[in-house]
Amino acid sequence: MWFNSFAFWIFFALVALGCRLAGHRVQNRLLLAASYFFYGCWDWRFLSLILITTAVDFTAARRLSALPDGDPGRKRWVAASMTINLGILGLFKYFGFFVNELDRLLAAVGLPELNPGFRLLLPAGISFYTFQALSYTIDVYRGRTRPAKSFWDFALFISFFPQLVAGPIERSDHLLPQVVNPRPRCDARRFREGLFLVFSGLFLKVVLADNMAWLVTVPFAEPPAQLAPVEVLLGVYAFAFQIYGDFAGYSAIAIGVAKWLGFDLMENFRRPYFALNPQEFWRRWHISLSTWLRDYLYISLGGNRQGKWLTARNLMLTMVLGGLWHGAAWTFVIWGAIHGGWLVAHRVWVERRGEAWSRWLASPAGRVVCWLVTFHLVCLTWLFFRAGTLDQALGMLAALGGEWRWTDYAATCATLIAFFAGPWLLLDAWLEKKGGTLALTGAAWPWRFAVYLYIVAMLLFFPPPMPVEFIYFQF
Amino acid sequence: MSAERLILCLLVAALLAMEAVTRLAEPSLSKDIAHMHTFPQLAETLAPGRAGVLVVGNSLARCGIDPATLSEGLPGHPPVGLMVPDATAAIEWAWGYRRHVLQAGARPDRVIIMTGRTHLEDPAVVQTPRLGAFFVGGAGDRLAFLREELDGFEEKAAFLLSSASRLFANRGRIQPLLFYHAVPGYETAVNRINIAAGGGVTPQADAKAADEAPLATRSRTLRNVARLIDAVRESGAEPIVVTAPLPERWSLPEPVADLLRERAVRVVPLGAELALPAERFPDGYHLDPEGARLATEELVRRIGEAAPE
Chain A
0 MWFNSFAFWI FFALVALGCR LAGHRVQNRL LLAASYFFYG CWDWRFLSLI
50 LITTAVDFTA ARRLSALPDG DPGRKRWVAA SMTINLGILG LFKYFGFFVN
100 ELDRLLAAVG LPELNPGFRL LLPAGISFYT FQALSYTIDV YRGRTRPAKS
150 FWDFALFISF FPQLVAGPIE RSDHLLPQVV NPRPRCDARR FREGLFLVFS
200 GLFLKVVLAD NMAWLVTVPF AEPPAQLAPV EVLLGVYAFA FQIYGDFAGY
250 SAIAIGVAKW LGFDLMENFR RPYFALNPQE FWRRWHISLS TWLRDYLYIS
300 LGGNRQGKWL TARNLMLTMV LGGLWHGAAW TFVIWGAIHG GWLVAHRVWV
350 ERRGEAWSRW LASPAGRVVC WLVTFHLVCL TWLFFRAGTL DQALGMLAAL
400 GGEWRWTDYA ATCATLIAFF AGPWLLLDAW LEKKGGTLAL TGAAWPWRFA
450 VYLYIVAMLL FFPPPMPVEF IYFQF
Chain B
0 MSAERLILCL LVAALLAMEA VTRLAEPSLS KDIAHMHTFP QLAETLAPGR
50 AGVLVVGNSL ARCGIDPATL SEGLPGHPPV GLMVPDATAA IEWAWGYRRH
100 VLQAGARPDR VIIMTGRTHL EDPAVVQTPR LGAFFVGGAG DRLAFLREEL
150 DGFEEKAAFL LSSASRLFAN RGRIQPLLFY HAVPGYETAV NRINIAAGGG
200 VTPQADAKAA DEAPLATRSR TLRNVARLID AVRESGAEPI VVTAPLPERW
250 SLPEPVADLL RERAVRVVPL GAELALPAER FPDGYHLDPE GARLATEELV
300 RRIGEAAPE
């Protein structure tokens, strides 16, 4: 049941109506049932995994919080939770990858391959809800969150349907209190903000991302040697907008519908392509994951408190593991490593650059250069992210060194990127200037009407040539 | 009234206005839609007692049969009606016949169904919006179509919306209309993207792929050709299946030929037996007007030969 399906909106209307009529306790039970139904529509068999995760973390948090500070049992409970959660994630997400790599290694040294003869299906959203569940147990261990009293409330915290399969990855101290305590009704402000988020999310997914997905087919399906350099470049631009539209669109709809149900989910994207450096990019892109990695991995590794070499190591490790979180493939590892290396290099450069550089970078020309460099380096990392294999990514990079010539595909690609992404970037630039994603909800209503009419017309008249699944569902 | 309610009301009003404009301007969207708008006139052209002939098919029939030659060649010069929209096959013909002939009260004497190699098979991809808007009609047929032809909630919802809204049904026509004219290199890029995507992106590409695949690799059903024959007979007409002349000679797939034999349908195999020179196929697939005249003369001759004394 995709957010951009008729079925989802009928389902949501029924759930919202039920919540409107019910009291808080009944609302929570209804939302839990709806969340399990929503997930069951993908694959009901994997509901058992969510139940296991829920039971393990509920029990671990209760048990460890019952022990006094300093008791070694606390560590054992949090370790048990992490082992089980990461064990399930590792089994379903990385088993095939590691067996393949091991088989290649065994074959290289002339030993018989393992060849298990089966493949494990990847449960939708397993990386998202596992990280959310993990953060709860760790927060309880760190004393930042009190353990949930009701199993059913905790089950809703883990499985809340708007953000279950693709985030935002919520924190227990933010979402759990909203589950446990009575929530505000959907008043005029909530409705207004939710409407903007839902409309913008649908535009980003259906119009921008899915039309870009169609364009992206050529550079990532044809042999790199056949591609003109400009085709590689424009194809990567198109993918940059596809993945942004796809994921930011999903997040916006999730936050919007949650708002209508009385929940406030965390912001997940803040116009990331306006970033001027890698650090800023990660403060704007997939914020719920980057802050999760910062709080539970980077800081746990020592953060920047142990000198520059260990800081660099921690950054690299965090980003490489962040890459691996996205999928079990070397291309994701390289993607994370490039981001890690870039963050380290940027950190060193910021420390060493002189005052003259800092003044120039603050000037309009300096900002434009920073923006161009940042955007293109992000695009370079997307090349590895999207490529099926390392060879393909390297082949496409090599193709950039070919003879620059304009082609029909390049002309179409450039025109359609401008047509689909251009108006949205203008709106994003305005939102950036106004300083907030929801700035339009404070503007005079005719402006909102004009934007919504444009979105409705684009949704109606420019559907994608082929429907595309949300990219992040596979993570 | 809050601002958001006002905005939503205005959006609904805008959609209703667009719906009205679409209904008014629909025939000018394409020649194909203009042709589909003539279907209601079939009831008059083929009224009971006029012994009319209806030609059913797609662009192969539109370019392959000359209505004037057909009418002049048959005894009594019967009126000839056409139901030959582009890129259609048995599913559109069967449901369209039920709506615009059977339910509308038209009563032709003969129905000539001109087909290509795969057009009598059920499609892999159902063109839901077009079927909803132009071919399936009447509450009973709509329910039957939902039950028998569509899988999944999304397809069914899209069908119902297309039945109710011409704006929704025609929404897919705006994009190509604009992009083919305004986007540089679009046609070449589309072909390249379709090939890169595996050739299965559009219904046309899918039909082409099916056309080229050996029959043994296809698992197509024949529900709709059976439905079409039943509907033709229910309206009191004789169905005649004509295989379209193509640059290369061809025959109906065995399962289709078996079905037609079982149901005692007369087949005129022009595709296998009428050899026309290559210059009669200017685009390599469709006949030119002279080719259509020659093919229709041959068709008339064969119908005459087989007609009961």
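Protein chains in written order, with numbering that gives the first Met the number 0: chain A, 0 to 474; chain B, 0 to 308.
Using N, Cα and C, we set each Cβ at its ideal position, and we do this for glycine too.
Please report the straight-line C-alpha distance between residue i and residue j, rounded to a whole angstrom.
i	j	result
L251 (chain B)	A86 (chain B)	18 Å
G193 (chain A)	P67 (chain A)	43 Å
S171 (chain A)	S289 (chain A)	16 Å
T310 (chain A)	L316 (chain A)	10 Å
V367 (chain A)	A237 (chain A)	21 Å
D263 (chain A)	H173 (chain A)	9 Å
H118 (chain B)	N57 (chain B)	9 Å
R279 (chain B)	E289 (chain B)	7 Å
F130 (chain A)	G234 (chain A)	32 Å
L424 (chain A)	L296 (chain A)	33 Å
L286 (chain B)	P238 (chain B)	23 Å
L163 (chain A)	P176 (chain A)	17 Å
F331 (chain A)	A392 (chain A)	11 Å
E354 (chain A)	G365 (chain A)	13 Å
P71 (chain A)	A65 (chain A)	12 Å
Y179 (chain B)	F160 (chain A)	41 Å
G189 (chain A)	A398 (chain A)	According to the sequence displayed, residue 189 (chain A) carries Arg and not Gly. Cα to Cα, the separation comes out at about 49 Å.
L177 (chain B)	H34 (chain B)	21 Å
L260 (chain A)	G200 (chain A)	17 Å
I194 (chain B)	I173 (chain B)	23 Å
V475 (chain A)	A443 (chain A)	Residue 475 (chain A) is absent from the structure shown; chain A starts at 0 and stops at 474.
Just to confirm, are residue i and residue j a CB contact at a threshold of 8 Å?
i	j	result
F91 (chain A)	L133 (chain A)	no
E431 (chain A)	R283 (chain A)	no
I49 (chain A)	Y38 (chain A)	yes
L203 (chain A)	A165 (chain A)	no
L275 (chain A)	W381 (chain A)	no
V377 (chain A)	A239 (chain A)	yes
L10 (chain B)	V197 (chain A)	no
W329 (chain A)	L389 (chain A)	yes
L85 (chain A)	D102 (chain A)	no
Kindly list, in the order they appear in chain A, the residues whose Cβ is closer than 7 Å to that of residue i.
i	result
R191 (chain B)	V217, Y408
I6 (chain B)	W444, R447, F448, Y451
E153 (chain B)	S4, F5, A6
V182 (chain B)	T411, T414, L415
How many whole angstroms separate the CB atoms of residue i and residue j, which I take to be in contact at a CB cut-off of 8 Å?
i	j	result
H318 (chain A)	H338 (chain A)	Reading off the sequence shown, one finds Met at residue 318 (chain A), where the question assumed His. Going by Cβ atoms, the distance from M318 (chain A) to H338 (chain A) rounds to 5 Å, so yes, they are a contact pair.
V255 (chain B)	L221 (chain B)	6 Å
T561 (chain A)	V182 (chain B)	Residue 561 (chain A) lies beyond the range of chain A shown here (0 to 474); nothing can be said about it.
G244 (chain A)	M265 (chain A)	No, G244 (chain A) and M265 (chain A) are not in contact; Cβ-Cβ is about 20 Å, not under 8 Å.
E154 (chain B)	T127 (chain B)	6 Å
L16 (chain A)	L155 (chain A)	Their Cβ separation, rounded to whole angstroms, is 18 Å, which puts L16 (chain A) and L155 (chain A) out of contact at 8 Å.
T440 (chain A)	R191 (chain A)	5 Å
Under 9 Å between beta-carbons, which chain B residues line up against residue i? List them in chain order, please.
i	result
T380 (chain A)	Chain B residues near T380 (chain A): none, gap ~23 Å exceeds 9 Å.
L194 (chain A)	E3, I6, L7
A123 (chain A)	None at all; the shortest Cβ gap to chain B is about 18 Å.
Could you list which residues in chain B have their beta carbon closer than 7 Å to that of residue i, in chain order?
i	result
F460 (chain A)	R170, I173, Q174
F190 (chain A)	E3
A33 (chain A)	Near A33 (chain A) there are no residues of chain B at all, since even the closest Cβ is about 17 Å away, more than 7 Å.
Starting from the beta carbon of residue i, find every residue of chain A whose beta carbon is closer than 8 Å, and list them in chain order.
i	result
A156 (chain B)	F5, A6
A16 (chain B)	Within chain A, no residue comes near A16 (chain B); the closest Cβ sits about 11 Å away, beyond 8 Å.
L275 (chain B)	Within chain A, no residue comes near L275 (chain B); the closest Cβ sits about 34 Å away, beyond 8 Å.
A13 (chain B)	L452, V455
Residues of chain A with CB closer than 9 Å to the CB of residue i, please, in chain order.
i	result
Y185 (chain B)	D407, A410, T411, T414, L415
L10 (chain B)	F448, Y451, L452, V455
Inter-stretch contact (C-beta, 8 Å, three-pair minimum) for the segment 227-237 of chain B and the segment 95-110 of chain B: yes
- prompt: Counting Cβ pairs, one atom from each stretch, are 3 or more of them under 8 Å apart for the segment 398-411 of chain A and the segment 215-230 of chain A?
  reply: yes
message: Assess contact between the segment 211-222 of chain A and the segment 180-190 of chain A, defined as three or more Cβ pairs (one per stretch) separated by less than 8 Å. Is contact present?
response: no
- request: Flag this pair as touching only if the segment 14-22 of chain B and the segment 39-46 of chain B have three or more C-beta atom pairs under 8 Å; answer yes or no.
  value: no
task: Assess, as a yes-or-no matter, whether the segment 422-430 of chain A is touched by the segment 256-268 of chain A under the definition of 3 or more beta carbon pairs within less than 8 Å.
output: no
field: At least 3 beta-carbon pairs within less than 8 Å: the segment 144-160 of chain B vs the segment 260-272 of chain B
entry: no
query: If you pair each beta-carbon of the segment 135-147 of chain A with each one of the segment 59-79 of chain A, do three or more pairs fall below 8 Å?
result: yes
message: Check whether the segment 82-96 of chain B and the segment 127-142 of chain B touch, using three or more Cβ-Cβ pairs below 8 Å as the test.
response: yes
- prompt: Are at least three pairs of beta-carbons, each pair with one atom in the segment 142-150 of chain B and one in the segment 266-278 of chain B, less than 8 Å apart?
  reply: no
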